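Here is the structure we will look at.
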Amino acid sequence: MSLHPLEKKFLEAFPAERRASWPIVIAVSGGSDSVALFHLVRRTHPSTAGPLVLVHVNHQLRGAESEEDARFCEELARETGVAFRLFVCPVKAEDTPGLGLEAAARRSRYHALREAAEHVGARYVLTGHTANDQAETILYRVFRGTGLRGLCGIPRSRPFGPAALVRPLLGIHREELLQYLRDHNWNYRSDRTNESTDFARNCIRHVILPEAVRGVHPAAVKGVLRVGLNAQEAWAFLETAVNDAISACLVSQSPTEVVIRRDTLTCRHPFLVQQMVLELWRQQRWPLRKLTRQHLVQLADLVRQGSPTSCQHFPGGVEIHVSGNHLILTRPAGHQTPANQLDDGEDDVFGDVD
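Listed below in structure tokens is the structure:
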């Protein structure tokens, strides 16, 4: 079988030799991006590699259309001889206060995908996020006032329980995938809600980015992607510096308390101190949603200038005390972070895994 040019490009992002004998879960919504991903994986998959599992998550958000999406995905799996797993995970707006319907559905999908991966013993879970999704996500975060980490965009891969969540299409544009599907006369489902500009991602996709291409620069999408790549390099450098700072100052760490030495940080740049405390906050899985830049500035000031008896309260029930040369961050065991306040950096990722 001769390979399509896009299949050769795909193999550079997800080489056949990486697949070994482990099962691979492919998230398929029925939309063009995820269907193209499914065919790319299927057609480049070595006969000696592990089995493929097509997973579809039905949130029942679009009535009969949602049911048709599920039937389409099941038929796609049957026609190609691939295992199929369906998850029915209803999501309602009234059940997701403070999180939003899209973000709640996204969390529900990832939970289902992780369950599927654990059930079949998969090494990889693949999703159909594209270069366009990357640009849209970065722009959305810019409008919300993101920091350097947010500018990095969607990670190409990340730990996902015992497996890895991999986005092998991040270097491929949506039009390339559509042309691939046209070249083979493969069908896919269309979601009419993706056309409504009432949703932030659709407004960016159908209004803001096209206007930027027409009126600002013809390579606007590539420009946004380049910002993301630059941010990834800068973040990798900063991450090393943050870990070095933690190693130098950390006295003790438990589920409810972190103690750090102040004298090792007073000569460091306030931004590095802020990022170090933020990383410790993440490690503790303390709630991030209400932690603002101003809170981080306060934290850095406490490290550098706090009086020997300073005590301040922060979001999520976290208290920070200055005790001589030590800064003590505590959160009593009785405090439990609500699911809608945990942050894995994925709640504002756009893409075809619906």
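Residue numbers 1 to 354, in the UniProt record's numbering, belong to the letters of the sequence shown in order.
Don't be surprised by glycine CBs; every beta carbon is placed ideally from N, CA and C.
All figures in this text were calculated on a predicted structure; none of them were measured in a lab.
Just the C-alpha distance for residue 357 and residue 234, rounded to the nearest angstrom, thanks. The shown model of the chain, from 1 to 354, leaves out residue 357, and the question about it has no answer.
Which of the three DSSP states is assigned to residue 242 in this structure? helix
Ignoring anything shorter than 4 residues or poking outside the region 261 to 344, list the alpha helix (DSSP H) runs there in chain order. 270 to 284, 293 to 305
Do you know how far the Cα of residue 260 is from the Cα of residue 184? 59 Å
Measuring CA to CA, which of 52, 263, 249, 178 is closest to residue 27? 52
Taking the CB atoms as reference points, tell me whether residue 33 and residue 128 lie closer together than 9 Å. yes
Within 10 angstroms of the Cβ of residue 136, are there 16 or more other Cβ atoms? Answer buried if so, exposed if not. buried
CA-to-CA distance, residue 160 to residue 71, given in whole angstroms: 27 Å
Tell me which same chain residues have a C-beta within less than 6 Å of the C-beta of residue 145, skipping the five on either side of it? none
Using CA atoms only, rank isn't needed, just tell me which of 245, 17, 253 is closest to residue 268. 245
Taking contact to mean at least 3 C-beta pairs separated by less than 8 Å, is the region 102 to 121 in contact with the region 204 to 224? no
Enclosing beta strand (DSSP E) for residue 126 [first to last residue]: 124 to 126
For the region 9 to 24 against the region 105 to 116, are there 3 or more C-beta pairs whose distance is under 8 Å? no
For residue 353, three-class secondary structure by DSSP: A caution first: residue 353 carries a pLDDT of 42, below 50, which makes its placement in the model unreliable, though a value can still be read off. Reduced to three states, the DSSP call for residue 353 is coil.
Is it buried or exposed, residue 133, if we count other Cβ atoms within 10 angstroms and call 16 or more buried? buried
If residue 265 sits next to residue 249, beta carbons under 8 Å apart, how far is it from one beta carbon to the other, in whole angstroms? 5 Å
Just mark residue 150 as buried or exposed, buried being the case when its beta carbon has 16 or more other beta carbons within 10 Å. buried
Measuring only the C-alpha atoms, how far is residue 293 from residue 223? 27 Å
If you check the beta carbons only, do residue 126 and residue 168 fall under 9 Å apart? yes
Own chain partners of residue 66 with C-beta closer than 6 Å, once the 5 adjacent residues on each side are dropped: 58, 60
With the cut-off set at 9 Å, would you say residue 85 and residue 54 are in Cβ contact? yes
Please classify residue 333 as buried or exposed, where buried requires at least 16 neighbouring CB atoms within 10 angstroms. exposed
Could you check the C-alpha separation between residue 166 and residue 230 for me, to the nearest Å? 21 Å
Pop quiz: residue 286 and residue 331 are said to be a contact at Cβ under 8 Å. What is the actual Cβ separation, rounded to whole angstroms? 6 Å
Considering Cα atoms alone, identify which of 226, 321, 82, 148 is closest to residue 170. 226
Who are the Cβ neighbours of residue 276 in its own chain at under 7 Å, not counting the five residues just before and after it? 242, 245, 246
Pull the bridge partners of residue 253 from the DSSP assignment, please. 258
Tell me where the alpha helix (DSSP H) around residue 143 begins and ends. 131 to 143
Taking DSSP as the reference, what is the three-state secondary structure of residue 52? strand
Measure from the alpha carbon of residue 43 to the alpha carbon of each residue in 315, 189, 82, then state which is nearest. 82
Whether residue 270 touches residue 289 by CB criterion (9 Å): no
If you measure between the beta carbons of residue 303 and residue 278, is that distance less than 9 Å? no
Go ahead and label residue 197 buried or exposed: buried means 16 or more other beta carbons lie within 10 angstroms of its beta carbon, across all protein chains shown. exposed
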